[in-house]
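Enquirer:
In the working numbering, the protein residues as written are 1479 to 1646.
#1: In the DSSP assignment, what residue or residues form a beta bridge with residue 1579?
#2: Tell me residue 1625's beta-bridge partners as DSSP assigns them.
#3: Below 8 Å between beta carbons: does that hold for residue 1483 and residue 1585?
#4: For residue 1560 versus residue 1635, is the C-beta distance shorter than 8 Å?
#5: Rounded to a whole number of angstroms, what is the C-alpha to C-alpha distance between residue 1575 and residue 1539?
#6: So that I know if they touch, is there some Cβ in chain B lying closer than 8 Å to that of residue 1497?
#7: Could you name the residues that DSSP lists as bridge partners for residue 1600?
#8: Grouping DSSP H, G and I as helix and E and B as strand, with all else coil, what is residue 1529?
#9: State the Cα-Cα distance for the pair residue 1591 and residue 1610, rounded to the nearest angstrom.
#10: How is the alpha helix (DSSP H) around residue 1492 delimited, first residue to last?
#11: Between residue 1515 and residue 1481, which are expected to be in contact by the criterion C-beta below 8 Å, what is the C-beta distance as a whole number of angstroms?
#12: Nearest by alpha-carbon distance to residue 1568: which of 1506, 1643 and 1646 is it?
#13: Would you call the region 1508-1523 and the region 1592-1604 in contact, with 3 or more CB pairs under 8 Å?
#14: Secondary structure at residue 1608, three-state DSSP: helix, strand or coil?
#15: Just verifying my parser: in three-state terms, what is the DSSP assignment at residue 1574?
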């Protein structure tokens, strides 16, 4: 058994998701997004698999089948397994590839403060991301505006961080 941290974005849940609880068995398509925290590390060759949309390459490791969001086709001298790291995320839109089935062992709501950027859009405030333990994923995520000495901010629930136990 492997325990993996998986992010389920609030907008994905609100659009097409079904809420779940700690202890539930779930099946999801997972996508590896490079550079985001908390990072998971996978090592394995990127391959095309049966049942995946054309052009989708996946890495299979430790019971996981994870699609790669950024993965150029290998050249003639492809070295084989390549270490990759990034955020494992649930993907419910677009392409199709095999799902991963596992059991939810822990669940935290991810909360992030946002401030207005120069262009008027809301941008994450560094150092303000927090986790709040819960036993059930909500269908709808909350946000609220508040004032600070430096201006208006938002505190938004961004999604949930899941401890997913996957059989090897």
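Every residue, glycine too, gets a C-beta built ideally from N, C-alpha and C.
Expert: Straight from the coordinates:
#1: Translated into the one-based positions of the chain shown, residue 1579 becomes position 101. Bridge partners of residue 1579: 1505.
#2: As a position in the chain shown, residue 1625 is number 147, starting the count at 1. Beta-bridge pairing links residue 1625 to 1630.
#3: For the purposes of this step, residue 1483 is taken as the residue at position 5 of the chain shown. For the purposes of this step, residue 1585 is taken as the residue at position 107 of the chain shown. Not a contact, by the Cβ cut-off of 8 Å.
#4: Translated into positions along the chain shown, residue 1560 becomes position 82. Translated into positions along the chain shown, residue 1635 becomes position 157. No.
#5: The sequence position of residue 1575 within the chain shown is 97, counting from 1. The sequence position of residue 1539 within the chain shown is 61, counting from 1. So the alpha carbons of these two residues sit roughly 15 Å apart.
#6: Given the protein chain composition of this structure (a single chain), no chain B is represented.
#7: One-based indexing of the chain shown puts residue 1600 at position 122. Partner(s): 1594.
#8: Here residue 1529 is taken as the residue at index 51 of the chain shown, counted from 1. Residue 1529: coil per DSSP, three-state reduction.
#9: In the chain shown, residue 1591 corresponds to position 113, counting from 1. In the chain shown, residue 1610 corresponds to position 132, counting from 1. Residue 1591 and residue 1610: Cα-Cα distance of roughly 14 Å.
#10: To locate residue 1492, count along the chain shown from 1; it is residue 14. Taken as a continuous stretch (DSSP letters only), the alpha helix (DSSP H) holding residue 1492 covers 1488-1494.
#11: The residue labelled residue 1515 in the question sits at position 37 within the chain shown. The residue labelled residue 1481 in the question sits at position 3 within the chain shown. Actually they do not touch by this definition, with Cβ atoms about 17 Å apart.
#12: For the purposes of this step, residue 1568 is taken as the residue at position 90 of the chain shown. Closest option to residue 1568, Cα to Cα, is 1506.
#13: no
#14: On the chain shown, position 130 is the one that residue 1608 refers to. Here residue 1608 sits in strand by DSSP.
#15: Numbered from 1 along the chain shown, position 96 holds the residue referred to as residue 1574. Coil at residue 1574, not helix or strand.
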